[in-house]
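Residue numbers (the working numbering), protein chains in the order written: chain F, 815 to 1049; chain A, 815 to 1049. Glycine included, C-beta positions come from ideal geometry on N, C-alpha and C. The structure appears below as structure tokens.
Number of protein chains: 2
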Amino acid sequence: MSRDATLPPTRAAVLDEIVRAAAAAFGEVGYRTATLDAIAERAGLSKVTLYRYVSSKEDLLSLVVERTIATFRTGLREIVEERRPAEETLRRIVRFQVRLLAENLAFLTVFFAEESGLPAPMAAQAARAKREYDRTIERVVREGIEAGRLRPLPPMLVVFGLLGMCNWLHKWYRPQGALSPEQIADVFVDLLERGYLADRPGASRDGDALTRIDKRLGRLEAAMAAPRRRRTRRS
Amino acid sequence: MSRDATLPPTRAAVLDEIVRAAAAAFGEVGYRTATLDAIAERAGLSKVTLYRYVSSKEDLLSLVVERTIATFRTGLREIVEERRPAEETLRRIVRFQVRLLAENLAFLTVFFAEESGLPAPMAAQAARAKREYDRTIERVVREGIEAGRLRPLPPMLVVFGLLGMCNWLHKWYRPQGALSPEQIADVFVDLLERGYLADRPGASRDGDALTRIDKRLGRLEAAMAAPRRRRTRRS
């Protein structure tokens, strides 16, 4: 995380390019299969130059993971600090999460696939960052439930459900697909907020109440109309 | 897939044990880090015996993937062939998916993490099987929408949303956790069917009905009050 800060701008830009090339290579052929030669070629560098920036493939994996974590963390913090109502914050989180996945497919594929094979200190850092991420969203859900804006479901399961729905993109999303990340996020928000069941009157408690009210109103309206009708009949 | 069929029962049982040990080892320390020695030890076999069953670590990975695919496929087929209403079929799919993930955590972690690094023929087979799986669930959703039981959301996104929610378990589920797979599945079903928003009048179709009822009540009240008012004024 500190490596970028200590580099002069051009070197930082080159390292950035190398990390992008590494993520793309890892994402495409898997971390195991990818070679430093192929990564250097992708970045348009000689292997000698590459070695001036990173010492090994594992080093590159660590950089990919660090950057992924930093991007997630910064984005989430910005959303949560706006302190909007829970459902609006969650809406923004879903849109952010889907956009991030779609735009950084290679990074995220590597991040999710290679977690278990990370060197120990990096694995611990990644686990900590993920826990913190989950808990931040959990607080949003918990506050939403307390404010009566969200249904009282187990908050952590809402978080895992939401994140699972979004993060699964790395398994199926193709940039050339029919739907844009915004359209996908809209459907997910809709699905998470309202579910997939068709509204069927009588199926919900409100539905039952409405049906009863409708009948009572009908009887009232009939009673109001009755005298007039009786009068009509009499005349 | 055919390997088991050709083995006598005891040999099939040993192979089964080896594949389970391999899945556990791959799942715990990652495919890259796991060694055949460690797998043999887990299975309680010598490395020599292990080699009578499998020729390499890659061979073992293929077996893990094959078994995972077979388990998913058989279970889904059984559910869909019962031809229940769409929402009931989806409920069963969510429960099946969550249970399968929870019970085969090691297998699924390997399956989802190692996909990109599979040898080409196995990768193609896995991709085909997954596509078929997704499409089978998509048909259920599509029929549910056509029957008016599900809301008209893009069917494939409902499928990916549902599967993402369930499959993400392999990233967070711990067998010793507070909630059983059944409890988790119940919450996911509830969330997928009805969403997380608290019912708020005015926000839904029920809200529209309430607005209409309000107007009818207003008209009734006006009709009730009118003659009396006229009488009051006259007196």
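*Give the interface partners of residue 1037/A over in chain F, defined as CB-CB distance under 7 Å, in chain order.*
Position 223 of the second sequence holds residue 1037/A. 1038, listed in chain order.
_Contact set between residue 930/F and chain A, taken where Cβ atoms lie within less than 8 Å_ = Counting from one through the first sequence, the residue named residue 930/F turns up at place 116. Result: 841, 842, 843, 844, 923, 927.
*Is it buried or exposed for residue 862/F, if we count other Cβ within 10 angstroms and need 16 for buried?*
Within the first sequence, numbered from 1, the residue matching residue 862/F stands at position 48. Looking at its Cβ environment, which holds fewer than 16 other Cβ atoms inside 10 Å, residue 862/F is exposed.
*When you check each C-beta in the region 879 to 907 of chain F against every C-beta of chain A, which residues fall closer than 7 Å?*
901
*Run down chain A in chain order and give the residues with a C-beta less than 9 Å from the C-beta of residue 965/F.*
As a position in the first sequence, residue 965/F is number 151, starting the count at 1. Here the neighbours are 1004, 1005, 1008, 1009, 1010, 1011, 1012, 1013.
*Please name the residue in 878/A, 869/A, 1030/A whose C-alpha comes closest to that of residue 831/A.*
As a working mapping, residue 831/A is identified with position 17 in the second sequence. Of the candidates 878/A, 869/A, 1030/A, the one whose C-alpha sits nearest the C-alpha of residue 831/A is 878/A.
_Which of the three DSSP states is assigned to residue 964/F in this structure?_
As a position in the first sequence, residue 964/F is number 150, starting the count at 1. In this structure, residue 964/F counts as strand in the three-state DSSP scheme.
*With DSSP as the reference, label residue 922/F as helix, strand or coil.*
Looking up residue 922/F in the first sequence gives position 108. Helix, per DSSP.
*asked:* Please list, in chain order, the chain F residues whose beta carbon lies closer than 9 Å to that of residue 847/A.
replied: The count along the second sequence starts at 1 and reaches residue 847/A at position 33. Those are 930, 931, listed as they occur along chain F.
*Can you tell me where the alpha helix (DSSP H) with residue 996/A in it begins and where it stops?*
Counting from 1 along the second sequence, the entry for residue 996/A is found at position 182. Element bounds for residue 996/A: 995 to 1008.
*With 16 other CB atoms within 10 Å as the buried threshold, where does residue 870/F fall?*
The residue labelled residue 870/F in the question sits at position 56 within the first sequence. Exposed, since its Cβ has fewer than 16 Cβ neighbours within 10 Å.
*In angstroms with no decimal places, state the Cα-to-Cα distance between residue 864/A and residue 872/A.*
Numbered from 1 along the second sequence, position 50 holds the residue referred to as residue 864/A. Numbered from 1 along the second sequence, position 58 holds the residue referred to as residue 872/A. Rounded to the nearest angstrom, the two C-alpha atoms are 14 Å apart.
*Give the interface partners of residue 971/F over in chain A, defined as CB-CB distance under 8 Å, in chain order.*
The count along the first sequence starts at 1 and reaches residue 971/F at position 157. Neighbours of residue 971/F on chain A, chain order: 993, 998, 1001, 1002, 1005.
*asked:* To the nearest angstrom, how far is the alpha carbon of residue 1032/F from that of residue 1012/A?
replied: Position 218 of the first sequence holds residue 1032/F. Position 198 of the second sequence holds residue 1012/A. Taking the straight line joining both Cα atoms gives about 30 Å.
*Closest Cα partner of residue 983/F within the set 848/A, 985/A, 1024/A, 975/A*: The sequence position of residue 983/F within the first sequence is 169, counting from 1. If we check each option's Cα against that of residue 983/F, 975/A comes out closest.
*Please list, in chain order, all residues of the same chain as residue 905/A whose beta carbon is under 6 Å from its beta carbon, the five residues on each side excluded.*
Translated into positions along the second sequence, residue 905/A becomes position 91. So the qualifying residues of the chain are 1003.
_With a threshold of 8 Å between beta carbons, is residue 910/A in contact with chain F?_
Taking the first residue of the second sequence as position 1, residue 910/A is located at position 96. It does not; no Cβ of chain F falls within 8 Å.
*For residue 880/F, count neighbouring C-beta atoms within 10 Å of its own C-beta (all shown protein chains included) and say buried if the count is 16 or more, exposed if not.*
Position 66 of the first sequence, counted from the first residue, corresponds to residue 880/F. Flag for residue 880/F reads buried.
_Sheet register partners of residue 1011/A (DSSP bridge)_ = Indexing the second sequence from 1 puts residue 1011/A at position 197. Answer is 964/F.
*Checking contacts by CB at 8 Å: is residue 1016/A closer than that to chain F?*
Here the question's residue 1016/A lines up with position 202 in the second sequence. Because the pLDDT at residue 1016/A is just 44, under 50, the model does not fix this residue reliably, and the point stays unresolved.
_Spatial distance of residue 915/A from residue 882/A (CA atoms)_ = Here residue 915/A is taken as the residue at index 101 of the second sequence, counted from 1. Here residue 882/A is taken as the residue at index 68 of the second sequence, counted from 1. The straight-line gap from Cα to Cα measures roughly 10 Å.
*Can you tell me where the alpha helix (DSSP H) with residue 891/F in it begins and where it stops?*
Residue numbering aside, residue 891/F sits at position 77 when the first sequence is read from its first letter. First-last of the alpha helix (DSSP H) with residue 891/F: 871 to 895.
*Looking at the unbroken alpha helix (DSSP H) that takes in residue 863/A, where does it start and where does it end?*
One-based indexing of the second sequence puts residue 863/A at position 49. Here the alpha helix (DSSP H) through residue 863/A covers 861 to 867.
*Segment limits, alpha helix (DSSP H) that includes residue 823/F*: Here residue 823/F corresponds to residue number 9 of the first sequence, with the count starting at 1. Taken as a continuous stretch (DSSP letters only), the alpha helix (DSSP H) holding residue 823/F covers 823 to 843.
*Give the interface partners of residue 1034/F over in chain A, defined as CB-CB distance under 8 Å, in chain order.*
One-based indexing of the first sequence puts residue 1034/F at position 220. Those within 8 Å of residue 1034/F in chain A are 1034.
_On the DSSP letters alone, give me the boundaries of the alpha helix (DSSP H) that residue 986/A sits inside._
Position 172 of the second sequence, counted from the first residue, corresponds to residue 986/A. 983 to 986 is the span of the alpha helix (DSSP H), which, as asked, contains residue 986/A.
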